[in-house]
Amino acid sequence: MGSESVRAPRELTRQVHVGSVAVGGGAPVSVQSMCTTSTSDAEATLAQIDRLAGAGCEIVRVAVPDAGALDGFEEVCARSPLPVVADIHFDHRLAIEACRRGAAALRVNPGNIGDWARVDAVIDEAGAAGIPIRIGVNAGSLDRAFAEREDLTQVEKLVGSATSFVGHFRARGFDDVVLSAKAHGVPTTIEVNRALSRELPDVPLHVGVTEAGGARQGTVKNAVAVGCLLMEGIGDTMRLSLTADPVEEVNVAWDLLSAVGLRRLRPELVSCPTCGRCQWDLMGVAAEVERRLADVRAPISVAVMGCVVNGPGEAADADIGLAGGRGRAVLFAGGERLRTVDEADAVDELMAEIGRRFG
Ligand code: SF4
13 MGSESVRAPR
23 ELTRQVHVGS
33 VAVGGGAPVS
43 VQSMCTTSTS
53 DAEATLAQID
63 RLAGAGCEIV
73 RVAVPDAGAL
83 DGFEEVCARS
93 PLPVVADIHF
103 DHRLAIEACR
113 RGAAALRVNP
123 GNIGDWARVD
133 AVIDEAGAAG
143 IPIRIGVNAG
153 SLDRAFAERE
163 DLTQVEKLVG
173 SATSFVGHFR
183 ARGFDDVVLS
193 AKAHGVPTTI
203 EVNRALSREL
213 PDVPLHVGVT
223 EAGGARQGTV
233 KNAVAVGCLL
243 MEGIGDTMRL
253 SLTADPVEEV
263 NVAWDLLSAV
273 GLRRLRPELV
283 SCPTCGRCQW
293 DLMGVAAEVE
303 RRLADVRAPI
313 SVAVMGCVVN
323 GPGEAADADI
333 GLAGGRGRAV
343 LFAGGERLRT
353 VDEADAVDEL
363 MAEIGRRFG
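By the numbering used here, the letter at position 293 of the sequence shown is numbered 305, and the numbering carries on one by one without gaps.
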């Protein structure tokens, strides 16, 4: 993933900071998620944030739906190990108060706040607090000037609204923006973000498919849309919405970053689909290896292959691997055979070798 054509758009964006996390300007694409707990329940929210942080989440967003959530929000901000973004809809006073209570950033949809004077009050308070604002746009929060236009496509409405909102923030003297224009369809998500990257090349983009569905469908939709954009150098931070435990969003985000070759947090498992040559319980072994690799933080590739004849060759570029035979397995690393081990000891031997080489 080293070519300039892949990286150029992302490197052109202005860098902003969400707490200690840099977004844009060539910073690593950061992983976000959103708490599903009630923000009023600070303990439950902090417990979920700890789980998210453990999975590799770097920025966390929490809802601030009403004034009753503000005390919990303040407590969460004070104790969270991750920078906390306040998610505000409609009531600009909550956004202003969140700035004063420790938000590392705001997420607002100007189209939901409505009145520009109210949006300006939020902009000014964020400016005073020195925190960035993520400007959100979706089908339900378009700029009124675009929403009713029957001559425009949905993509044009989203891009036009987003461009107009960014222009307003800048005219107000506020440049620390991150932009997200979200849709639940893959082609629309890709088209909108390509257009924004062209029209606003210096604005960092928060990418993801919204309302993507459950774990399986949502993973596929996000992988296609966000994967495509990341491969084109588009996207500075990401949240992959899933109707699932938010920790799963973080796991999928890291798998996606690893798959496109941008960032790797954990080992990547390389395992063959098996065929008639397989003579050991590859599926069981692969599941066991995957389970035991969950605690390993080394960014390595680990192969688990179905046969000793083709396996080591097919996975020669893996950092380390196992290829099974009848009762025995070959342990290999860097394309070289290390030794033959009993099948019963194979996973233990693999994990011990990973510990020695990469621990
Ligand atoms: S590694 Fe062996 S068992 Fe696995 S798919 Fe290739 S030939 Fe078949």
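Glycine included, C-beta positions come from ideal geometry on N, C-alpha and C. Computed from a prediction, not measured in an experiment: that's the story for all the values here.
Worksheet item: If you follow the alpha helix (DSSP H) that Val-33 is part of, which residue opens it and which one closes it?
Response: According to the DSSP assignment, Val-33 belongs to no alpha helix (DSSP H) but to the beta strand (DSSP E) extending over 33 to 35.
Worksheet item: Taking C-alpha atoms, which residue in Gly-37, Leu-268 and Ser-32 lies nearest to Leu-24?
Response: Comparing Cα-Cα distances from Leu-24 to each of Gly-37, Leu-268 and Ser-32, the minimum goes to Gly-37.
Worksheet item: For Ser-176, which residues from the same chain have a beta carbon less than 8 Å from its beta carbon, with the 5 sequence-adjacent residues on both sides left out?
Response: Cβ contact annotation for Ser-176 (same chain, cutoff 8 Å, sequence separation greater than five): Asp-155, Ala-157 and Phe-158, in chain order.
Discussion item. Is Arg-338 a contact residue of the ligand SF4, with contact defined as CB to any heavy atom under 7 Å?
Written reply: No, the ligand SF4 has no heavy atom inside 7 Å of this Cβ.
Discussion item. I'd like the span of the beta strand (DSSP E) that includes Ile-71, first residue to last.
Written reply: Counting along the chain, the unbroken beta strand (DSSP E) around Ile-71 starts and ends at 71 to 75.
Practice prompt. Flag this pair as yes or no: are the beta carbons of Val-342 and Ala-315 separated by less than 8 Å?
Written response: Val-342 is not a Cβ neighbour of Ala-315, given a cutoff of 8 Å.
Worksheet item: Using the beta-carbon count (16 or more within 10 Å), is Val-321 buried or exposed?
Response: Exposed is the call here.
Fill in: Assigned exposure category for Ala-79 - 16 Cβ within 10 Å defines buried
Burial call: exposed.
Item to complete: Thinking Val-131 and His-104 are a contact (beta carbons under 8 Å), I'd like their distance in whole angstroms, please.
Response: Right, the Cβ-Cβ distance comes to about 7 Å (below 8 Å), so this counts as a contact.
Worksheet entry | Distance between beta carbons of Arg-275 and Ile-246, contact taken as under 8 Å | 16 Å between Cβ atoms; not a contact.
Practice prompt. Starting from the C-beta of Ser-313, find all residues in its chain whose C-beta is less than 6 Å away, skip the five residues before and the five after it, and write them out in chain order.
Written response: Here Ser-313 has Glu-280, Val-282, Ala-330 and Asp-331 as same chain residues with Cβ atoms under 6 Å from its own Cβ, once five neighbours each way along the sequence are excluded.
Practice prompt. Please state whether DSSP places Leu-277 in a helix, a strand or coil.
Written response: Coil, per DSSP.
Worksheet item: Rounded to a whole number of angstroms, what is the C-alpha to C-alpha distance between Gly-7 and Pro-95?
Response: Examination of residue 7 is not possible in this model, given that the chain is present from 13 through 371 alone.
Discussion item. The alpha helix (DSSP H) that contains Ala-157, what's its start and end?
Written reply: Judged by DSSP secondary structure, Ala-157 falls within the alpha helix (DSSP H) whose first and last residues are 156 to 159.
Worksheet item: Starting from Arg-112 and walking both ways along the alpha helix (DSSP H), at which residues does that stretch end?
Response: DSSP places Arg-112 in the uninterrupted alpha helix (DSSP H) bounded by 104 to 112.
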